[in-house]
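The structure appears below as structure tokens.
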Amino acid sequence: MGLREAELEWGWYASADEENYTVGPEASREDVIEAAIGDEVGLGDQNEDGSWNISFHILEARKEPVQMADYFHVGRWVEDLENGPFYDMSGEACGWNDDSIVSHIKSEQWTELQQVVRAAIAKWQSERDIQIRPWVFTESRNGEDISMVLPADEDANRALASKGAA
97 MGLREAELEW GWYASADEEN YTVGPEASRE DVIEAAIGDE VGLGDQNEDG SWNISFHILE
157 ARKEPVQMAD YFHVGRWVED LENGPFYDMS GEACGWNDDS IVSHIKSEQW TELQQVVRAA
217 IAKWQSERDI QIRPWVFTES RNGEDISMVL PADEDANRAL ASKGAA
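Everything in the sequence shown is counted per the numbering used here, starting at 97 for the first residue and increasing by one.
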């Protein structure tokens with residue numbers, strides 16, 4: 097399974113700051129904790145006994161494809177028209193007419209227009225197999241803060257110190 101397909105499924109991720117999830121997707125809670133420790137996510141100070149403090153956040157998340165039709169809002173579209181071309185067409189600019197040139201259109205007609213346009217956008221996106229994947233998670237669950245002390249290990253401590261963590 098490629099990364100794109102993996103993002104559709106729930107996966108485990110880790111972050112040092114709950115903003116940037118630099119580890120994941122992993123198959124399990126245990127896998128993401130192991131990967132976060134291996135990547136030194138949230139590595140803190142070294143203790144006197146040579147052990148290290150580490151603290152990070154994990155969660156289970158996924159990235160659902162974006163459906164473009166969900167972002168068409170007839171009210172915003174009409175507002176753009178009323179503040180643009182309809183403004184000049186209505187006579188409002190000259191003070192001749194205070195009514196919108198679309199004020200006679202009923203609420204249920206606007207609702208119907210929104211449904212028709214959204215259906216057309218969804219059909220267009222589907223027929224062209226346009227996949228829009230967000231960078232951010234669209235759903236998350238099972239968030240948890242992990243804090244632990246990594247035991248002193250001469251080889252590991254030397255490696256960490258050489259990276260500037262000591």
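Ideal Cβ positions, reconstructed from N, Cα and C, are used throughout, including at glycine. This one's a predicted model, so the numbers in the text were calculated from it and none came from an experiment.
Taking the straight line between their C-alpha atoms, what separation do you get for residue i and residue j?
i    : j    : result
V213 : W220 : 10 Å
N238 : Y117 : 15 Å
D113 : S151 : 9 Å
Y183 : E204 : 23 Å
P161 : Q142 : 42 Å
A131 : V119 : 7 Å
G134 : V128 : 10 Å
W108 : N179 : 46 Å
V245 : G138 : 12 Å
P247 : F233 : 33 Å
I197 : A218 : 29 Å
P121 : H200 : 52 Å
Which first and last residues belong to the alpha helix (DSSP H) in which residue i is found?
i    : result
D241 : Counting along the chain, D241 falls outside any alpha helix (DSSP H), though it belongs to the beta strand (DSSP E) covering E235 to L246.
Kindly indicate the opening and closing residues of the beta strand (DSSP E) around residue i.
i    : result
E122 : Y117 to E122
G107 : G107 to S111
Relative to the alpha-carbon of residue i, which residue among the options has its alpha-carbon at the smallest distance?
i    : options                   : result
S124 : W148, V245 and L155       : L155
A110 : G171, H153, D166 and R172 : H153
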